[in-house]
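Asker: One structure, as structure tokens, below. Some questions next.
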Amino acid sequence: MDAGAGPAGGRRRWLSAALVGGAAAVLGRAFAPIAAAGAMAVHRAAHAGAQIEEPLSDAVRHALRAAVEQLDPPEPVFETADDRLAYVRWLTKASWQLRRRKPEPQARTDFLQTVWYESRRAGLDTALVLGLIEVESGFRKYAISRAGARGYMQVMPFWTRLIGDGDADKLFHLQTNLRYGCVILRHYLDRERGDLFLALGRYNGSRGRAAYPNAVFAAQRRWRLA
């Protein structure tokens, strides 16, 4: 008679399966953070590209360097009560729309407040910056593209050498990443004399091609919440 047959064999098979399954569950829980970190670390966006390193004049380099320095706390300042009310309404709507991407309320508020502050500091539409982040990184703080672009706005590390202190790891810091991304997009927009289509293409390393700008414009429309 087969040793695995009969009630006793059935109990042994059940116990073995339970032990293996339990161990797998425990190991799965133990390695879940590592797997999640790996999933965040490499971002395979359909439109992932990279800014291209180009020569900068000394004047432009100094201006950009000054723009990324002195990270003041991203505290909104309002001239009128109506301005404050409009901001609160926007923040409430944006937070609700972002809740599935960023479930933790305080992290969501910090992120949106920083996007609002940095976009306006650079003279950019906040909905545009949110749309760009959605397309570039899917709102993942630690996203890294195949080209090596980092963080929410997928900033290439060479920018920290050109206009920063050379520490590319700082591109995973929320405000630093958004400061660089907004300053770079503003720089490209100025270079293209206000042509947002070409500026977005330059930001993505795909200047003149429509796929990336059109994706950002579509996402921008979703973030027009006023």
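For what it's worth, UniProt numbering labels the leading residue of the sequence shown as 1, then goes sequentially. Glycine residues also receive a C-beta, built at the ideal position from the N, C-alpha and C atoms. Just so we're clear, the structure is a prediction, and the values are computed from it rather than from any experiment.
1. Please return the same chain residues whose Cβ sits closer than 8 Å to the Cβ of aspartate 167, not counting the five positions on each side in sequence.
2. Just the Cα atoms here: how many angstroms apart are tyrosine 131 and alanine 211?
3. For the segment 119 to 137 against the segment 177 to 196, do three or more pairs of beta-carbon atoms, one drawn from each stretch, fall closer than 8 Å, so that the two count as touching?
4. Quick one: grab the DSSP three-state call for valine 77.
5. Alpha helix (DSSP H) containing tryptophan 159: first to last residue?
6. Classify arginine 176 as buried or exposed, calling it buried when 16 or more other Cβ atoms lie within 10 Å of its own Cβ.
7. In this structure, does DSSP put isoleucine 184 in helix, strand or coil?
8. If I'm right that threonine 109 touches leucine 178 with Cβ under 8 Å, what's the distance once you round it to whole angstroms?
9. Put arginine 101 into one of helix, strand or coil per three-state DSSP.
10. In this structure, does DSSP put residue 250 in helix, strand or coil?
11. In the structure shown, what three-state DSSP assignment does residue 238 receive?
12. Taking the straight line between their C-alpha atoms, what separation do you get for glutamate 134 and tyrosine 203?
13. Cβ atoms of methionine 156 and glutamine 51: under 7 Å apart, would you say?
14. So, for alanine 67: in the same chain, excluding its five sequence neighbours on each side, which residues have a beta-carbon less than 7 Å away from its beta-carbon?
15. Ignore the nearest five residues each way along the sequence and tell me which others in leucine 128's own chain have a CB closer than 6 Å to its CB.
16. My output table needs one value for aspartate 110: the three-state DSSP class, helix, strand or coil.
17. DSSP beta-bridge partners for residue 254?
18. Assuming glycine 123 is part of the alpha helix (DSSP H), what are its boundary residues?
19. Counting C-beta neighbours from all protein chains within 10 Å, is the total for histidine 62 16 or more, i.e. buried, or is it exposed?
20. With burial defined as no fewer than 16 other Cβ atoms inside 10 Å of the residue's Cβ, what is the status of tryptophan 96: buried or exposed?
21. Could you compute how far the alpha carbon of leucine 64 sits from the alpha carbon of serine 57?
Answerer: Let me lay it out:
1. The residue you call residue 167 lines up with position 167 of the sequence shown. Cβ neighbours of aspartate 167 beyond the five flanking positions: Thr160.
2. One-based indexing of the sequence shown puts residue 131 at position 131. One-based indexing of the sequence shown puts residue 211 at position 211. A quick correction: the sequence has glycine, not tyrosine, at residue 131. Near 14 Å, if we compare the C-alpha coordinates of alanine 211 and glycine 131.
3. yes
4. Counting from 1 along the sequence shown, the entry for residue 77 is found at position 77. In this structure, valine 77 counts as coil in the three-state DSSP scheme.
5. To locate residue 159, count along the sequence shown from 1; it is residue 159. First-last of the alpha helix (DSSP H) with tryptophan 159: 158 to 163.
6. The residue you call residue 176 lines up with position 176 of the sequence shown. One detail in the question is off: residue 176 reads as threonine in this sequence, not arginine. Under this definition threonine 176 is a buried residue.
7. The residue you call residue 184 lines up with position 184 of the sequence shown. Reduced to three states, the DSSP call for isoleucine 184 is helix.
8. Looking up residue 109 in the sequence shown gives position 109. Looking up residue 178 in the sequence shown gives position 178. Between leucine 178 and threonine 109 the Cβ distance is about 15 Å, and since that is not below 8 Å, they are no contact.
9. Walking along the sequence shown from the start, residue 101 turns up at place 101. Here arginine 101 sits in coil by DSSP.
10. Beyond the ends of the chain as shown, which are 1 and 226, falls residue 250; an answer cannot be given.
11. Because the chain here runs from 1 to 226, residue 238 falls outside it and cannot be looked at.
12. In the sequence shown, counting from the first residue as 1, residue 134 sits at position 134. In the sequence shown, counting from the first residue as 1, residue 203 sits at position 203. Distance between the alpha carbons of glutamate 134 and tyrosine 203: 14 Å.
13. As a working note, residue 51 is residue 51 in the sequence shown. As a working note, residue 156 is residue 156 in the sequence shown. In contact: glutamine 51 and methionine 156 (Cβ atoms closer than 7 Å).
14. To locate residue 67, count along the sequence shown from 1; it is residue 67. Excluding sequence neighbours, alanine 67 sits near Val183.
15. Along the sequence shown, read from residue 1 onward, the residue named residue 128 stands at position 128. Contacts found: Gln220.
16. As a first step, residue 110 must be located in the sequence shown, where it is residue number 110. Correct three-state label for aspartate 110: helix.
17. Only positions 1 to 226 of the chain appear in the structure, and residue 254 is not among them; the question remains open.
18. In the sequence shown, counting from the first residue as 1, residue 123 sits at position 123. From DSSP, glycine 123 is part of no alpha helix (DSSP H); its letter is neither H nor E.
19. Numbered from its first residue, the sequence shown carries residue 62 at position 62. With fewer than 16 other Cβ atoms within 10 Å, it is exposed.
20. As a position in the sequence shown, residue 96 is number 96, starting the count at 1. So tryptophan 96 counts as exposed.
21. For this step, residue 64 is matched to residue 64 along the sequence shown. For this step, residue 57 is matched to residue 57 along the sequence shown. Their Cα atoms are separated by approximately 11 Å.
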